[in-house]
Amino acid sequence: VEARIHGLLTRRLNDEPLGYIVGNQSFWGLEFEVNRDVLIPRPCSETLIEASTEILKTTLDKESSDISVLDIGTGSGCLLISFCCEAEHLGYKTKNGTYLGVDVSARALNVAKTNAARLDVANLCDFVLGDFKEKYFGLCNISRQSILPANGFDFVFC
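The structure is reproduced here in structure tokens:
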């Protein structure tokens with residue numbers, strides 16, 4: 029036990045972020061798994077969720093709108109998942125919506141998928157490998173064309 033505590037303290041004294049040491053970070057009132065494969069969610073990024081939620085409430089109808097969201101460079105999935113959870117909480121239709129997280133790192137996508145499962149929105153969120161430097165993120169080759177909304181996205185995080 030003493031050696032473990034010493035190891036953790038040494039990591040912190042070497043300026044390793046606390047989120048990486050403990051393996052999670054709170055964001056928008058939710059707990060997200062984090063590791064060195066993803067960036068640690070920053071509190072200032074919560075303003076994106078706050079602003080998007082306000083736009084959602086003033087522009088889309090709860091009963092007739094299926095929300096479509098694209099998160100470019102999704103990492104831990106904190107933006108996409110938090111917005112999805114908030115929309116669900118507010119009563120917006122999400123079952124036929126699109127919540128798509130794209131990242132160039134398969135390891136980051138694994139973290140995002142884990143977070144979606146832990147927060148009970150894995151059935152609402154899709155995560156795909158894609159590169160923003162390629163035309164259409166290289167998504168034209170994905171097998172599930174149905175995850176791309178015909179009328180574009182209502183919200184885009186990046």
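Positions in the sequence shown are counted from 1; adding 28 to them yields the numbering used here. We put the CB at the ideal spot given by N, CA and C, even for glycine. Everything numeric in this text was worked out from a predicted model, so none of it was measured.
Backbone CA spacing between residue i and residue j [nearest angstrom]
| i | j | result |
| --- | --- | --- |
| S171 | L41 | With a pLDDT of only 48 at S171, under the threshold of 50, the placement of this residue in the model should not be trusted, and no figure is reported. |
| G47 | V62 | 7 Å |
| I95 | D65 | 28 Å |
| V132 | D159 | 5 Å |
| I33 | N52 | 18 Å |
| L88 | G57 | 24 Å |
| L147 | T126 | 17 Å |
| L108 | N179 | 19 Å |
Span of the beta strand (DSSP E), counted from its first residue to its last, around residue i
| i | result |
| --- | --- |
| V97 | 96-100 |
| V52 | The question names Val, yet the displayed sequence has Asn at residue 52. Looking at the DSSP string, the run of the beta strand (DSSP E) that includes N52 is 52-55. |
Residue i, DSSP secondary structure in three states
| i | result |
| --- | --- |
| F185 | strand |
| S179 | According to the sequence shown, residue 179 is Asn rather than Ser. Here N179 sits in coil by DSSP. |
| N63 | coil |
Assumed close pair residue i, residue j - CB separation to whole angstroms, cut-off 8 Å
| i | j | result |
| --- | --- | --- |
| A140 | G105 | 3 Å |
| V130 | V156 | 6 Å |
| G119 | K90 | 5 Å |
Host alpha helix (DSSP H) of residue i (start-end)
| i | result |
| --- | --- |
| Y127 | From DSSP, Y127 is part of no alpha helix (DSSP H) but of the beta strand (DSSP E) over 126-131. |
| G22 | The structure shown does not extend to residue 22, since the chain is modelled only from 29 to 186, so the question has no answer here. |
| L187 | This structure cannot settle anything about residue 187, because the visible part of the chain is limited to 29 through 186. |
Paired residues, beta bridge with residue i - DSSP
| i | result |
| --- | --- |
| D154 | L128 |
| L58 | F55 |
Beta carbon proximity, residue i to chain C, threshold 7 Å
| i | result |
| --- | --- |
| G119 | The chain inventory of the structure shown lacks chain C, comprising one protein chain alone. |
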